[in-house]
Amino acid sequence: MAGRKRAANESGSPTRAAKAAKTDNGDTTTKARGRGGKRGSKSAIAPSAFKAKALPLHINITHTPPAITTDETAPAASADPGFIGSIALVPSDFSTGSYGWKGNKRVTVELQNTESGEKETVQVMISINATVVGSKGAKETDEDGEKADGEDRR
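Residue numbers (the UniProt record's numbering): 1 to 154.
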């Protein structure tokens with residue numbers, strides 16, 4: 001049996017549902033128009049002000065989940081049996097133009113072998129970048145609200 005093409009439908013375009021509902025003036029609804037996800041709020045602080053005001057962040061790495069305790073007199077290393085190490089994140093500018101904190105540290109992690117019960121150690125390099133949301137588009141301004149090149153800020 002030889003193949004035959006079907007005749008074209010005379011009614012024009014097929015009647016399938018549109019991906020986005022259209023209004024009377026031809027625009028799509030706001031739900032269909034919003035692409036690109038949520039935008040973060042604009043950062044109100046200039047990169048130089050961030051570098052001057054930001055303090056280092058300190059992070060403790062541990063095997064054990066955090067517990068709610070009221071006694072915080074003991075240091076983390078002696079109180080936590082699963083303590084691995086701590087990292088200090090310093091304020092910095094990233095090559096992307098944004099700013100935030102960054103830090104890295106090499107630590108030794110013990111792995112428990114479930115079959116033989118022996119412990120094995122591995123070296124792990126931990127790198128953390130904490131970027132301030134909206135910092136990539138932040139402009140350099142001085143204290144009077146003017147741009148660094150002298151134009152008024154609007």
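The C-beta atom is built at its ideal place from N, Cα and C for all residues, glycine as well.
Note that the coordinates shown come from a computational prediction; the quantities given were computed from them, not determined experimentally.
What I want to know is whether the C-beta of residue i ends up closer than 7 Å to one or more non-hydrogen atoms of the ligand ATP.
i, result
"Ala130", "By its list of ligands, the structure shown contains no ligand whatsoever, and the ligand ATP lies outside what it can speak to."
Would you mind sorting residue i into buried or exposed? The rule is 16 or more other CB atoms within 10 Å of its CB.
i, result
"Ala46", "buried"
"Ala32", "For Ala32, the predicted model reports a pLDDT of 47, less than 50, meaning its position is unreliable; a value from the coordinates is still stated below. Exposed."
"Gly137", "exposed"
"Ser127", "exposed"
"Pro65", "exposed"
"Ser135", "buried"
"Thr96", "exposed"
Short check: CB of residue i to CB of residue j, under 8 Å?
i, j, result
"Lys119", "Leu111", "yes"
"Thr62", "Asp80", "yes"
"Val122", "Ser98", "no"
"Lys139", "Pro91", "no"
With residue i as the anchor, note down where its alpha helix (DSSP H) starts and where it stops.
i, result
"Ala7", "Taken as a continuous stretch (DSSP letters only), Ala7 belongs to no alpha helix (DSSP H), as it is neither H nor E."
"Ser48", "Pro47 to Lys53"
Roughly how far, in whole angstroms, is the beta-carbon of residue i from the beta-carbon of residue j, given that I think they are within contact range, below 8 Å?
i, j, result
"Ala130", "Leu57", "7 Å"
"Gly103", "Ala88", "6 Å"
"Asn60", "Phe83", "7 Å"
First and last residue of the beta strand (DSSP E) that includes residue i?
i, result
"Thr62", "Leu57 to Thr62"
Those runs of the alpha helix (DSSP H) which lie wholly inside the region 72 to 119 and span at least 4 residues: With a minimum length of 4 residues, the continuous alpha helix (DSSP H) runs that stay inside the region 72 to 119 are 76 to 79.
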